[in-house]
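Under the UniProt record's numbering, think of the first position of the sequence shown as 1, with each following residue one higher.
For every residue, glycine included, the Cβ atom is placed at its ideal position computed from N, Cα and C.
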Amino acid sequence: MEQVALNSVLKSSQPLIQEITEKSHVDVNKCYQCGTCAAGCPVAYLSDYSPRQIVRMLQSGLVEDVFKSRMIWLCIGCGNCLSRCPRKIDVPHLHDTLRIISKEKGFPPAEKGVDVFIDSFLTTVRMTGRLYEAGLTMLYNTRSGNLMAGMDVAPHMMKLGKISPFPHLIKGRGEVARIFKKVQEAKGGK
Numbered sequence: 001m002e003q004v005a006l007n008s009v010l011k012s013s014q015p016l017i018q019e020i021t022e023k024s025h026v027d028v029n030k031c032y033q034c035g036t037c038a039a040g041c042p043v044a045y046l047s048d049y050s051p052r053q054i055v056r057m058l059q060s061g062l063v064e065d066v067f068k069s070r071m072i073w074l075c076i077g078c079g080n081c082l083s084r085c086p087r088k089i090d091v092p093h094l095h096d097t098l099r100i101i102s103k104e105k106g107f108p109p110a111e112k113g114v115d116v117f118i119d120s121f122l123t124t125v126r127m128t129g130r131l132y133e134a135g136l137t138m139l140y141n142t143r144s145g146n147l148m149a150g151m152d153v154a155p156h157m158m159k160l161g162k163i164s165p166f167p168h169l170i171k172g173r174g175e176v177a178r179i180f181k182k183v184q185e186a187k188g189g190k
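Rendered as structure tokens:
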């Protein structure tokens with residue numbers, strides 16, 4: 001097993017931990033490692049680390065290991081961890097922030113296709129003002145190179161009225177588009 005000199009790791013990663021704290025508004029040092037987040041996480045069994053371990057790694061300065069982990073990409077943002085946390089650590093928001101910063105720092109997503117799905121999801125919301133399932137599926141399939149994935153169930157889902165081939169446009173979709181534009185401008189056009 002590889003030994004890690006935590007003092008030097010913590011010291012060298014301090015600016016990055018500060019950036020994560022400022023952008024996420026989550027102070028991981030408040031966590032006392034009770035484990036309720038890990039116990040309630042529906043995707044922890046699929047991942048390499050639990051939410052508790054991710055927080056502990058950040059406390060220890062192992063930021064690059066966190067950026068390379070599957071957990072930050074598999075988190076579905078359900079909020080089970082936050083609702084059960086006695087310290088109210090917003091782990092879903094922390095994971096969102098970690099995904100953004102890891103991409104900015106050049107770390108590829110540890111889970112293939114998740115970033116494509118997130119970008120496709122946000123594109124459909126920006127365009128229609130809400131989730132457009134058929135559009136999301138078509139966009140994701142095109143971007144991921146799996147053009148026919150899930151198409152076998154589409155006719156049945158449409159017949160049952162579960163999805164529509166056409167988007168349901170909301171009244172405030174222009175406002176939603178303006179919100180996306182403001183966020184993009186705040187990020188410097190990225």
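Counting only runs of at least 4 residues, the stretch 57 to 131 fully encloses the following alpha helix (DSSP H) elements, listed from N- to C-terminal order: 63 to 67, 71 to 74, 80 to 84, 91 to 104 and 114 to 128. Cys34 carries a coil assignment under DSSP once its states are collapsed to helix, strand and coil. In the three-state reduction of the DSSP assignment, Pro155 falls in the helix class, which pools H, G and I. Looking only at Val63, Ile118 and Gly79, the smallest Cα-Cα distance to Lys11 is reached by Val63. The stretch 71 to 79 and the stretch 34 to 50 touch, with three or more beta-carbon pairs separated by less than 8 Å. Assignment of Ser47 by DSSP, reduced to helix, strand and coil, places it in the coil class.
Taken through DSSP and simplified to helix, strand or coil, Val176 comes out as helix.
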